[in-house]
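All remarks here apply to the structure that follows.
Protein chains: 2
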Amino acid sequence: MAQITKHPTQECKKSIQAVHDAMYVLGGKWKISIVASLLFGPRRYSEILRDVVGISGKMLSRELKEMETNLLVDRIVSDTQPITVTYELTKYGKSIEPVIITLGEWGETHRKCITRKD
Amino acid sequence: MAQITKHPTQECKKSIQAVHDAMYVLGGKWKISIVASLLFGPRRYSEILRDVVGISGKMLSRELKEMETNLLVDRIVSDTQPITVTYELTKYGKSIEPVIITLGEWGETHRKCITRKD
DNA sequence: CTGTATCCACCTTGATACTG
DNA sequence: CAGTATCAAGGTGGATACAG
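Residue numbers (the numbering used here), protein chains in the order written: chain B, 14 to 131; chain F, 14 to 131.
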């Protein structure tokens with residue numbers, strides 16, 4: 014029916030909006046990396062800190078807090094001595110997996126391109 | 014063989030790196046939206062400006078320049094009067110399509126979640 | 001039309017030190 | 001271990017004016 018020929022702008026804007034929505038939630042410098050880490054299973058604060066190379070503690074807790082607010086992760090506190098905190102993706106957070114996979118695959122390819130061309 | 018149990022960190026870091034690489038190139042506030050726009054076909058500067066709601070001219074040209082540098086887009090100048098400039102995705106740029114699609118789908122779902130929960 | 005230059009407010013991030 | 005507080009620096013992005 015509606016071919017993308019004469020008035021593609023509406024179609025286009027809709028897609029762009031969807032993508033923009035996604036990036037609003039995943040938009041921090043580190044959020045996607047954190048999700049990638051959490052896809053491997055529940056992680057402690059300090060573990061994420063080691064996994065996500067370059068992130069600072071401040072950023073990690075801040076991003077995690079935002080992600081908690083956005084219902085992407087659960088924060089589980091065990092009142093051991095000293096306390097341990099485990100983060101894990103919610104069902105909703107796990108639904109990002111395809112995005113991460115796709116992005117990761119593209120990233121690997123990209124790295125190859127870089128290697129060849131730089 | 015190597016189960017993701019004892020030493021998941023290496024596996025994990027690799028994935029995270031790949032994702033991080035991707036975000037390095039796609040990382041601006043607007044780049045992904047611009048790619049989304051360009052996926053609908055070549056676009057003029059002013060068209061992208063209209064498609065990507067909220068972006069300013071300065072940001073658009075800046076982001077496009079970076080994307081050109083990263084070989085994601087081609088910039089084609091027609092020396093009409095006045096000149097017109099068309100941007101289109103390179104083959105490499107088009108390879109991001111799956112990412113955008115996946116992200117867009119997730120974004121739509123996310124919007125539904127927002128609607129229900131906010 | 002397609003940008004660039006400048007000014008400026010705001011946001012983001014890191015380093016460091018500190019708390020429970 | 002799991003954060004928080006504070007400071008400082010740089011990046012981000014918009015408005016406006018200007019240029020080819």
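Ideal Cβ positions, reconstructed from N, Cα and C, are used throughout, including at glycine.
Taking the C-alpha atoms as reference points, what is the distance between residue i and residue j?
i	j	result
B/Val90	B/Ile96	7 Å
F/Arg72	F/Glu60	Looking at the sequence provided, one finds Met at residue 72 of chain F rather than Arg. Roughly 14 Å separates the two Cα atoms.
B/Val38	B/Glu81	11 Å
F/Val98	F/Glu76	15 Å
F/Trp43	B/Ile68	23 Å
B/Leu62	B/Leu51	12 Å
B/Gln16	B/Gln30	Note that B/Gln16 scores a pLDDT of 41, beneath 50, so its modelled location is shaky; the value from the coordinates is reported in the next line. Distance between the alpha carbons of B/Gln16 and B/Gln30: 20 Å.
B/Thr18	F/Asp64	Here the model assigns B/Thr18 a pLDDT of 45, short of 50, so the residue's position is not dependable and the matter cannot be decided.
B/Val66	F/Lys26	8 Å
B/Thr103	B/Asp87	6 Å
B/Lys107	B/Ile45	12 Å
F/Arg56	B/Glu79	35 Å
B/Ser74	F/Tyr58	39 Å
F/Gln94	F/Gln23	57 Å
B/Asp92	B/Gly70	21 Å
Return the residue from the list the options that minimises the CA-CA distance to residue i.
i	options	result
F/Asn83	F/Gln23, F/Val65, F/Gly41	F/Gly41
F/Glu143	F/Gln23, F/Ser74, F/Glu79, F/Leu85	Residue 143 of chain F cannot be examined here, being either before or after the span of chain F that is shown, 14 to 131.
B/Phe53	B/Glu110, B/Ser28, B/Ser74	B/Glu110
F/Lys125	B/Tyr105, B/Arg56, B/Lys78, B/Asp92	B/Tyr105
F/Leu116	B/Thr93, B/Asp92, B/Ser28	B/Ser28
I believe residue i touches residue j by the beta-carbon criterion, under 8 Å. Please report the beta-carbon distance rounded to the nearest angstrom.
i	j	result
F/Val48	F/Ile113	6 Å
Spell out the partners DSSP gives residue i in its beta bridges.
i	result
F/Asp87	F/Glu101
B/Arg75	In the DSSP output, where bridge partners are listed per residue, B/Arg75 has none listed.
B/Arg57	B/Thr99
### Query
Is there contact between the region 30 to 37 of chain B and the region 117 to 127 of chain B, where contact requires at least three CB pairs shorter than 8 Å?
no
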